[in-house]
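Student:
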Amino acid sequence: MDHCSEGNAVQLYYVDDNKADIYVMSKLFRSEEAVQLNSSSCLESLLEIDGLSDADCVFLDVMRPDSFSMEADLAALRTVTDAPVYFITSCESAPVRERAIKSGAEGLIEKGRLNKEVIFQIASNAIARRRSCEAVHAKSPDMTPTRSTRNSDNDAFVLAARTLSSNLSLVHGAIEDEPVSRELRGKIKDAAELADALDNLQMREVDTLERVNLRDVCASVQSDVEESATRNGVTFVWDVKPSCYLQKGSMLQARSAVRHLCKAAISLAEDNASILFTAMPTEDGNHALIQLYSANFRLPSNWSKASPCTQTRPAPMELQASLAMALELFNLPPDQLNILYTHSSSIIQLKI
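Residue -12 is where the sequence shown starts when you use my numbering, and the numbers rise one by one after that.
1. Distance, Cα to Cα, N102 vs P71?
2. Report yes if the C-beta of S230 is less than 6 Å from at least one heavy atom of the ligand PLP; otherwise report no.
3. Under the rule that 16 or more other beta-carbon atoms within 10 Å means buried, what is T68, buried or exposed?
4. What's the call for C249, buried or exposed, on a 16-neighbour Cβ count within 10 Å?
5. Buried or exposed for D3, going by 16 or more other Cβ atoms inside 10 Å?
6. Check whether the region 58 to 68 touches the region 9 to 26, counting contact only when three or more Cβ pairs, one atom from each stretch, lie closer than 8 Å.
7. Can you give, in chain order, each stretch of the alpha helix (DSSP H) that sits fully within the region -7 to 42 and has at least 4 residues?
8. Below 7 Å between beta carbons: does that hold for L233 and A252?
9. Between the alpha carbons of I9 and L(-1), how many angstroms are there, rounded?
10. Would the region 256 to 263 and the region 218 to 231 be scored as touching if the rule is three or more Cβ pairs under 8 Å?
11. In chain order, what residues of the same chain lie with their CB nearer than 6 Å to the CB of D226, ignoring the 5 residues before and after it?
12. Report the option in S281, D43, C78 and I88 whose CA atom is closest to the CA atom of Q108.
13. Since D53 contacts I75 with CB under 8 Å, what's their CB separation in whole angstroms?
14. For R84 and G94, which I take to be in contact (beta-carbon distance under 8 Å), what is that distance rounded to the nearest angstrom?
15. Using a Cβ-Cβ cutoff of less than 8 Å, which residues in the same chain neighbour R202 once the five nearest sequence positions on both sides are dropped?
16. Mind checking which residues open and close the alpha helix (DSSP H) that includes M57?
17. Could you compute how far the alpha carbon of Q209 sits from the alpha carbon of R246?
18. For the beta strand (DSSP E) containing A92, name the first residue and the last one.
19. Taking just the CA atoms, how far does S243 sit from N25?
20. The alpha helix (DSSP H) that contains C205, what's its start and end?
21. Roughly how many angstroms lie between the CA atoms of V(-3) and G38, to the nearest whole one?
22. Please state whether DSSP places P82 in a helix, a strand or coil.
23. Does DSSP put E104 in a helix, a strand or coil?
24. Quick one: what does DSSP say A244 is sitting in, helix, strand or coil?
25. Any idea what DSSP makes of A87, helix, strand or coil?
26. From I335 to S261, what distance separates their C-alpha atoms?
Here it is as structure tokens:
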């Protein structure tokens, strides 16, 4: 990577609420003149930093307390800068990486792999991107260079669209010139080639099916659910396995469904009860099994838990009514909601 003065250093911005991670990142570049790392603990304070509009790259931790969603983070950043964005995470997975790309980021990087070499490569790409934009602008001053707002294809798409528009304007403005000059013929040829490029780029846009990771869903509603549990004198505990995916529905639907499910369970629990929320993939990997355990659910008195053997019965009508919204959001019929009895506890069970 080319070394340069501080005024021309690559401007990288790093947002993470973990002070230890910020310290490690800062230490990596303490003696590097070619890279200037600017860190912040939350997105709001980042947006207030002077010079963010000239950023070359931004790194955002996906699990920050102030983060509502990747899309919201990107939308906030785009009000200030069009620099490429990389999301960082402690635990990388293919679905989360797909969502990061779909949200408009350049990619998702696991923190364990975010070392000096990787960041130098990203910084080098940022230098190349900046120089490319400057070269395009020097060649065609009427065009505004743009950094990618989604990925490199988007960058090429925007540049091609603007160049095509500029070229066609010249063609229409000089259409009555006789004979047609060599310059004009070149512009017409360029316009045709760019039109083909646009068609090719549009055909490469693929709408990837998004599979929602239940672990991400639970992490996003955890504080809200636990606050509700505390107000009702209930303790809420989570055990959500990795690679537990929903087969349909959006992240927004899943968040709302889990929130309704948990709050309904809290309302059915007696004072000082404990609820354990577990989720795991089924053996065939095609579904997610959600179970809420408690020894203190208020259920019909004729549903005795005295038997030492395990029993499974359909949920009573009042429980179905309490969880109707969760069932609707998960797009499940009532018979998918069961109560599993053991000698010591009751389990609300859904297979999604």
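Beta carbons are placed, not taken as given, at the ideal position from N, Cα and C, and that holds for glycine. None of the values given here were measured: they were computed from a predicted structure.
Tutor: By the coordinates alone:
1. Approximately 18 Å, taken between the alpha carbons.
2. Within the structure as shown, the ligand PLP is missing, as the structure has no ligands at all.
3. With 16 or more other Cβ atoms within 10 Å, it is buried.
4. buried
5. buried
6. no
7. Here the runs fully enclosed are 6 to 15 and 30 to 34.
8. Cβ distance not < 7 Å, so L233 and A252 don't count as in contact.
9. 13 Å
10. yes
11. T265
12. D43
13. 15 Å between Cβ atoms; not a contact.
14. 7 Å
15. Same-chain partners within the cutoff: V227, K228, P229, C231 and A266.
16. M57 to L64
17. 9 Å
18. Careful: A92 lies outside any beta strand (DSSP E) and carries neither H nor E.
19. 35 Å
20. L201 to R218
21. 12 Å
22. helix
23. helix
24. helix
25. helix
26. 13 Å
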